[in-house]
Amino acid sequence: MDRVFITEHTVERFRQRGIRARDVRHAVHGGQIIEQYPDDYPYPSCLICGMTVEGRVIHVVMSDEGTMSRIITVYFPDVDKWNSDFTVRKERN
């Protein structure tokens, strides 16, 4: 990945959630891919579990567009939907 593109809409959404751009960079560079979505359209994407600068867990969904990637969304994972380290989804009842 050479470049990462973030739309204004995405920036606005993660700011509304109290997430800063440096937190997203920190999570992407230090996190791990926990899910892959090879059939996503128009580009494959993945879910990265990483940490903010302050050590809070965040999830980053980003596309893989060859020499470029796009941040699709960033959020704090819900404890009701994820296991204790936020890397595996809980099964739905």
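Each step along the sequence shown adds one to the number in the working numbering, with nothing skipped, and position 72 is 55.
Ideal Cβ placement from N, Cα and C applies to all residues, glycine included.
Cβ separation of residue i and residue j, assumed to be a contact under 8 Å, to the nearest whole Å
| i | j | result |
| --- | --- | --- |
| R53 | F(-12) | 5 Å |
| D47 | P27 | 5 Å |
| G105 | A10 | The question about residue 105 has no answer here: the residues shown for the chain are numbered -16 through 76. |
8 Å Cβ cutoff met for residue i and residue j
| i | j | result |
| --- | --- | --- |
| I2 | T70 | no |
| V43 | G14 | yes |
| R8 | M51 | no |
| V40 | P21 | no |
Same chain, Cβ closer than 6 Å to residue i, five either side skipped, listed in chain order
| i | result |
| --- | --- |
| C29 | I16 and Q19 |
Residue i to residue j span [Cα, whole Å]
| i | j | result |
| --- | --- | --- |
| R5 | T35 | 8 Å |
| V62 | G49 | 33 Å |
Proximal residues to residue i (C-beta, below 7 Å), its chain only, five neighbours per side dropped
| i | result |
| --- | --- |
| K64 | R72 and K73 |
Residues sharing a beta bridge with residue i, DSSP
| i | result |
| --- | --- |
| Q15 | C32 |
| I(-11) | I54 |
| V44 | L30 and T56 |
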